[in-house]
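Under the working numbering, the residue at position 92 of the sequence shown is numbered 138, and the numbers go up by one with no gaps. C-beta atoms are modelled at their ideal positions from N, C-alpha and C, and glycine is treated no differently. For reference, the structure is listed below as structure tokens.
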Amino acid sequence: MKITPTPVTAALAGVFAGVVMPLLWPRLGDDTLNWIFAFLLVIALPAHALVVGFNTPRESAARDGLDTALLKRVAAWLVAALATVALTKALPL
47 MKITPTPVTA ALAGVFAGVV MPLLWPRLGD DTLNWIFAFL LVIALPAHAL
97 VVGFNTPRES AARDGLDTAL LKRVAAWLVA ALATVALTKA LPL
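Here it is as structure tokens:
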């Protein structure tokens, strides 16, 4: 399965992290292993798959300068996650 990272997929990863992590946070307790697994499954894996991507072209690593497409995807991911957390905090549940 080939997933092409776009700003939309990055925003989806941010929304997922923004919804799931605040729900898991109080339930993780003091066990460090729970925290590691939660961050890997909720933040790192979706971010890597939907923001960075698995099939990065070799020429992008070799060229000099900033990868503006990656910066846009990271910004979309962070903004979506923060907006989701703010929205869920603002809504009375």
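Point to revise | Supposed close pair A59, L70 - CB separation, criterion 8 Å | key: Residue 59 sits at position 13 when you count from the first residue of the sequence shown. Residue 70 sits at position 24 when you count from the first residue of the sequence shown. No, A59 and L70 are not in contact; Cβ-Cβ is about 16 Å, not under 8 Å.
Practice item. Just mark V54 as buried or exposed, buried being the case when its beta carbon has 16 or more other beta carbons within 10 Å. Key: Taking the first residue of the sequence shown as position 1, residue 54 is located at position 8. That one is exposed.
Review point. What is the residue span of the alpha helix (DSSP H) that T130 lies within?
Key: Sequence index remark: in the sequence shown, residue 130 carries index 84 (1-based). T130 -> alpha helix (DSSP H) spans 114–136.
**Study point:** Backbone secondary structure at L74 - three-state DSSP
**Key:** In the sequence shown, counting from the first residue as 1, residue 74 sits at position 28. Coil, per DSSP.
Exercise for review: Find the nearest neighbour of L86 within the set T130, K118, R119, M67, judged by alpha-carbon distance.
Suggested key: Position 40 of the sequence shown holds residue 86. Measuring from the Cα of L86, the nearest candidate turns out to be M67.
**Study point:** Short Cβ contact (9 Å threshold) for A56 with A136
**Key:** Indexing the sequence shown from 1 puts residue 56 at position 10. Indexing the sequence shown from 1 puts residue 136 at position 90. Against a cut-off of 9 Å, the Cβ pair of A136 and A56 comes out as no contact.
Point to revise | F100 - DSSP class collapsed to helix/strand/coil | key: Your numbering for residue 100 matches position 54 in the sequence shown. Here F100 sits in coil by DSSP.
Practice item. Assuming T130 and V65 form a contact by the criterion Cβ under 8 Å, report the distance between their Cβ atoms to the nearest whole angstrom. Key: Here residue 130 is taken as the residue at index 84 of the sequence shown, counted from 1. Here residue 65 is taken as the residue at index 19 of the sequence shown, counted from 1. With a Cβ gap of about 6 Å, T130 and V65 count as contacting.
Practice item. Kindly list the residues whose CB is nearer than 8 Å to the CB of F62, restricted to its own chain and excluding five residues on each side of it in sequence; keep chain order. Key: Translated into the one-based positions of the sequence shown, residue 62 becomes position 16. Correct list, in chain order: V88, P92.
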